[in-house]
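A short worksheet on the structure shown next.
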Amino acid sequence: AAGTSRASVGYGERPVFPHAATVDLLIWIHGDEVRIAAPSAVGLTLEPSVDRGRQIGVADPGAQAWQSVGDRNVAQVAFLRAVVGSSAQLLGLSATMLDMTVEYVKTRKQFGVPVGSFQAIKHHLADALGALEFARPMVWRAAWTLDHDGAEAEVAASSALHFAGEAANTISKIALQCHGAIGYTTEYDLHLYMKRAWALSRAFGDPASHRRRLAELVLDGPQHMYTGGL
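So in the numbering used here, spot 222 of the sequence shown is number 241, and the numbers just go up one at a time.
Spelled out as structure tokens, the structure:
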């Protein structure tokens with residue numbers, strides 16, 4: 020058969036699937052296996068999300084229609100690619116929020132001068148840039164490692180999500196503070212990027228869970244295999 024289809028990936032004991040209303044297939048990373056099913060066959064229920072650009076669906080994990088299509092190795096690869104993909108998106112979201120903030124403080128004036136000239140604003144933006152630039156090489160390394168060095172893939176992926184997630188959270192707060200009241204409005208686009216970042220940073224384990232996973236890998240030695248413990 021030939022053609023195209025849209026799929027959504029969920030993870031964990033009770034998976035949540037983004038873009039659930041518009042996909043043809045659900046892919047569930049569950050422990051040591053990968054399962055698939057049609058949305059209509061697993062009792063998919065649409066739920067509101069903080070990120071309104073990605074309507075989520077909750078499926079029945081006990082539905083009989085789930086079919087196992089991959090073992091532990093397939094599940095690991097799928098999970099790590101999802102983690103690194105989310106990290107890359109978080110990096111882009113963070114860069115966009117920082118760019119928006121820099122442009123805003125150049126034009127927003129207070130006491131007759133741009134607010135970006137104030138030392139407090141400069142310090143905030145320097146912190147934001149530092150967080151972004153610490154995360155960037157982690158994400159690039161993780162992407163490279165997935166294709167070239169499988170033994171380090173787990174460490175690299177968790178490092179990427181931890182740093183990219185923390186950067187996104189930090190830059191979201193700084194962007195909101197530097198924008199002031201306009202940043203809280205729905206008419207201004209900042210909230211779109213913030214909400215996407217909040218959702219993505221928790222989709223496949225949040226930064227704290229990946230930090231714990233890194234500690235386990237360092238203290239116990241590389242496992243080279245995702246164990247479903249995030």
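Glycine included, C-beta positions come from ideal geometry on N, C-alpha and C. Just so we're clear, the structure is a prediction, and the values are computed from it rather than from any experiment.
Residue from the options whose Cα sits closest to the Cα of residue i
i, options, result
"V88", "E32, V132, A187 and I55", "I55"
"Q196", "W217, F98 and V134", "V134"
"R160", "L180, A150 and G50", "L180"
"K214", "R71, K125 and M119", "R71"
"V28", "R73, K128 and V124", "R73"
"L236", "A183, H210, A170 and G199", "A170"
Assigned exposure category for residue i - 16 Cβ within 10 Å defines buried
i, result
"A212", "One detail in the question is off: residue 212 reads as Tyr in this sequence, not Ala. It counts as buried."
"S220", "buried"
"L65", "exposed"
"V61", "buried"
"S136", "exposed"
"V53", "buried"
"Y203", "exposed"
"P19", "Nothing about residue 19 can be reported from this structure: the residues present for the chain run from 20 to 249 only."
Rounded straight-line distance, which links the Cα of residue j to that of residue i
i, j, result
"T41", "L148", "36 Å"
"Q138", "L144", "10 Å"
"G111", "V35", "23 Å"
"G248", "A84", "Note that G248 has pLDDT 38, beneath the 50 cutoff, so the model's placement of it is unreliable and the number below is only indicative. Taking the straight line from one Cα to the other gives about 25 Å."
"A227", "A101", "17 Å"
"S68", "A216", "12 Å"
"K192", "I75", "25 Å"
"A78", "V124", "44 Å"
C-beta contact flag for residue i and residue j at 9 Å
i, j, result
"A154", "L165", "no"
"E173", "Q95", "yes"
"A187", "S113", "yes"
"L233", "S177", "yes"
"A150", "E185", "yes"
Strand pairing of residue i, partner residues [DSSP]
i, result
"K128", "P133"
"V64", "Sequence check: residue 64 is Thr here, not Val. Partner(s): V77."
"S87", "R54"
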